[in-house]
Amino acid sequence: MSQSNIFVSMVLIPLIFSQSARGKECVCELQNSDPAFPENKLDDVEFTATQCTENITSEKMTEIDRLVLGLQHRIRQLLDNVSMLEKEDNRNLYAAVSLRIIELELAEIQDLLDKLNKTTNNYQQLSVQAAEELEDMEETMTELEKFDHVQVMVKQRENQRIKRDLEHCKAELNSTSPAPTLSPGYCGLGRMVNVSGPITYSLTVYGTSYSFGAWGRDASPAPGDENKYWLVVLSSSNAFGHFIRQYSSLSTIILGIGPTDTYISSSNPTTNTIQGPNMVMYANALYYNCYNTYYVCQFNLTTRSVSTVALPSDTGYNSKFPFGHLGTTYSYTDMDFATDESGVYVIYATTSNFGNVIISKIQTSNPPVLNQTWFTSLHKKTVTNTFMVCGVLYATRYLDKEIEEIFYSYDTKTNEERYDLRIHIKKMQTNIKYINYDHRDHLLYVYMDAYIVTYEIMF
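Have a look at this one:
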């Protein structure tokens, strides 16, 4: 092929080679199978963006504020003038003059009001127009992004997200860099300053079918059961469960192999089966809210027997005082259960305590017995979850789809309440349905929209 006589018709494949009759020229035609890039649409977006920038200026954004301030000033001036003229009035001597001055002041105020109304109407129209233009630009850019075959925009957004995560990570490291101060009453670990992770993140063997459930390890295992893990999914209406599944190790629960199932009852739901996703395992017994009652159930996995203890008769159940946030309510979460270094707790609310959180220690005898109780000022329905660490209750709330915040603590040893904690948990799914602390590995065990997740607490 002669290098001096190559004609390229387009710059896209496939290639079609041909040779002229004289044999002195070769023609290379590149044919494009994709539609042409709509440059005119990109030009329209740029033009609209420029117009928006010109129409919406900082001067216009503050014009209404300036008019309102001016109107307030003239009204104050009118009041001062009226007060002064009333004092100077002597048997109607100044009546005509006073009325004329007031008339002029009112006319100026009316002019300001007319200008303010006109400006407000103009800005309302501009706001509606800008919103429509922004929506059109977004739709056009979404359409143009289809031509981004190498996914430059997608990768750019991903890079921006990674940069934000990196900055957040740096901030977390900076916040936890000082050595923790050890204080009495905190099990010698020091104060909780951060939550890192997730360490483990896996979909259960059930897939996404069951979004409510719980999992973890026995807080007081029998010898030989230290590495066992348990899992409960609410298999009926995402509200009720009737069996506990156990695995021999973390790897087997992640892979979903070799489980052992222990049934509370053959039917679900029924008397003494599990209601709600909050439960804990302690000394080979599962503690949970008994079905359709304000009772705590203790199910012994060895004897397969159920013992109960009643909470106060005005305790909320059947979603009277559930966890949740503005976006949703977590059904049947009236009772929460937690374990720490010292045993088992039940967290609940009563009408006599105005729906505020109550903490009761459970004596893990058979049958169980309620022990010491603490009353807090935290309203239960403002909370998404609770857990206990070293005798301190921590409560979480929903910030957004990516972040859950530990914002509150109650120390059962000192009765100190704090609402100023700002410890963030980076979520992998939208809603955290279950949290419990394991004092043996200092991990939070979380059930998050059908995923089992762990986080490490930093002290």
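So the sequence shown is residues -23 to -1, 1 to 436, counted in mature numbering (1 follows the signal peptide of the UniProt record, and there is no 0).
All C-beta atoms, glycine included, are put in the ideal place defined by N, C-alpha and C.
Values in this document were obtained by computation on a predicted structure and should not be read as measured data.
Contact check for Met312 against Asn249 fails: the beta carbons are separated by 8 Å or more. Close CB contacts of Asn215 within its chain, under the 8 Å cut and outside five residues either way in sequence, are with Tyr187, Ser188, Phe189 and Ser308 (chain order).
By the C-beta density criterion, Glu381 is buried, having at least 16 other C-beta atoms within 10 angstroms. At a Cβ-Cβ threshold of 8 Å, Asn255 and Leu278 do not count as neighbours. Counting C-beta pairs with one atom in each stretch, the segment 401 to 408 and the segment 370 to 386 have three or more that are closer than 8 Å, which means they touch. Where Cys164 is concerned, there is no enclosing beta strand (DSSP E), because DSSP gives it neither an H nor an E. Contact between Thr327 and Ile339 is absent: CB atoms are separated by about 17 Å, not below the 8 Å threshold.
Leu376: not part of any alpha helix (DSSP H); DSSP gives it neither H nor E. His50 counts as exposed, since fewer than 16 other beta carbons sit within 10 angstroms of its beta carbon.
For Ala216, the three-state secondary structure derived from DSSP is coil.
Taking Ser242 as reference, the option from Leu227, Ile231, Met258 and Ile221 with the minimal CA-CA separation is Ile221. With a threshold of 16 other beta carbon atoms within 10 Å, Tyr396 falls short and is exposed. For Val423, the three-state secondary structure derived from DSSP is strand. Contact check for Ile409 against Val423 passes: the beta carbons are separated by less than 8 Å. Among the bridge pairs identified by DSSP, Lys338 is matched with Tyr322. Its Cα nearest to that of Asp426, the residue Leu211 stands out among Gln275, Lys297, Leu211 and Pro345.
Relative to Met114, the option among Glu16, Gly47, Thr25 and Gly167 whose CA is nearest is Thr25. Leu370 and Tyr387 have their C-alpha atoms roughly 5 Å apart. In the structure shown, the three-state DSSP call for Lys403 is strand. C-alpha of Arg141 to C-alpha of Lys147: approximately 10 Å in a straight line. If you check the CB distance, Ile41 and Trp192 do not come in under 8 Å. Per DSSP, reduced to three states, the secondary structure at Cys367 is coil, with no helix or strand assignment. The alpha-carbon separation between Gly320 and Tyr178 amounts to approximately 27 Å. For the 8 Å CB-CB criterion, Tyr325 and Gly293 form a contact. Close CB contacts of Tyr411 within its chain, under the 6 Å cut and outside five residues either way in sequence, are with Ala191, Pro254 and Tyr424 (chain order). In the DSSP assignment, Val170 falls outside any beta strand (DSSP E) and carries neither an H nor an E.
For Asp313, the enclosing beta strand (DSSP E) starts and ends at Asp313 to Asp317. Of Ile231, Val170 and Phe352, the smallest CA-CA separation from Gly184 is found for Ile231.
In the DSSP assignment, the residues bridged to Leu208 are Trp192 and Arg222. At the C-beta level, Thr389 and Gly368 come within 8 Å of one another.
When DSSP states are grouped into helix, strand and coil, Leu355 belongs to the strand group. Linking Pro345 to Glu144 through their CA atoms gives a straight-line distance of about 48 Å. The three-state reading of DSSP puts Ile429 in strand, counting E and B together. The C-alpha of Pro175 is placed about 31 Å away from the C-alpha of Cys274. Taking each of Cys29, Thr431, Gly218 and Val182 in turn and checking the Cα distance to Tyr100, the smallest one comes out for Cys29. Taking the Cβ atoms as the reference, Ser337 lies roughly 7 Å from Asn348, within the contact range of under 8 Å.
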